[in-house]
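Asker:
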Amino acid sequence: MIAKAGVEGDRQRNLKVHGGQDRAVCLFSRELLERLQKEGHPIEAGSSGENLTLAGLEWRLIKPGVKLSIGPDVQLEVTSYTVPCRYNAQWFQDGDYHRISQEKNPGWSRVYAKVLRAGLVRPGDVVEIQS
420 MIAKAGVEGD RQRNLKVHGG QDRAVCLFSR ELLERLQKEG HPIEAGSSGE
470 NLTLAGLEWR LIKPGVKLSI GPDVQLEVTS YTVPCRYNAQ WFQDGDYHRI
520 SQEKNPGWSR VYAKVLRAGL VRPGDVVEIQ S
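Here the sequence shown stands for residues 420 to 550, where the numbers follow the working numbering.
1) Going by other Cβ atoms of all chains shown within 10 Å of its Cβ, with 16 needed for buried, is Gly475 buried or exposed?
2) Assign Ile519 to one of two classes, buried (16 or more other C-beta atoms within 10 Å of its C-beta) or exposed (fewer than that).
3) Hey, quick one: how far does the alpha helix (DSSP H) through Arg536 stretch, first residue to last?
4) Would Ile489 and Val540 qualify as a contact pair, given that the criterion is a beta-carbon distance under 8 Å?
5) Taking 8 Å as the cut-off, decide whether the C-beta atoms of Arg449 and Gly526 are in contact.
6) Among the candidates His517, Glu496, Gly459 and Lys457, whose CA atom is the shortest distance from the CA of Leu446?
7) With H, G and I counted as helix, E and B as strand and the rest as coil, what does DSSP make of Ile489?
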């Protein structure tokens, strides 16, 4: 369940940089995760802190200001790119967690989103970019 404050039951380790209305949900691309795995990185869905791993989107189009609908219920608005922290080093060869930094590797970042419309998200729900 996605509530206005984020995924129900989710907790953040550091509220100075995680959580809050504009960082309620963290999103990442399934296709990018698969490419990182093919490069030899031991990253898995959810391991770098994302709440939802989305498939079938052209990730370069997912940037601040973009609105997404997920299934019949949920609508999100991307608010910012995430800045990876050293906790993520364990998921990357040689600890290079900057592999998912928008600043160092544009197009490879996770993103934060605020919840415009709360609701239930189900595996396999269609995700669409709203125009």
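Idealized CB from N, CA, C, for every residue including glycine.
Note that this is a predicted model, so its numbers are computed, not measured.
Answerer: Looking at the coordinates:
1) Taking the sequence shown and counting its residues from 1, the one referred to as residue 475 is at position 56. By the 10 Å Cβ count, Gly475 comes out exposed.
2) Numbered from its first residue, the sequence shown carries residue 519 at position 100. Counting the other CB atoms within 10 Å of its CB gives Ile519 a total of 16 or more, which places it among the buried residues.
3) On the sequence shown, position 117 is the one that residue 536 refers to. No alpha helix (DSSP H) holds Arg536; the beta strand (DSSP E) holding it covers Val530 to Arg536.
4) Here residue 489 refers to the residue found at position 70 of the sequence shown. Here residue 540 refers to the residue found at position 121 of the sequence shown. With respect to Val540, Ile489 sits close: the two C-beta atoms are nearer than 8 Å.
5) Within the sequence shown, numbered from 1, the residue matching residue 449 stands at position 30. Within the sequence shown, numbered from 1, the residue matching residue 526 stands at position 107. For the pair Arg449 and Gly526, the CB atoms are not nearer than the 8 Å cut-off.
6) The residue you call residue 446 lines up with position 27 of the sequence shown. Among His517, Glu496, Gly459 and Lys457, the Cα nearest to that of Leu446 belongs to Glu496.
7) Here the question's residue 489 lines up with position 70 in the sequence shown. Reduced to three states, the DSSP call for Ile489 is strand.
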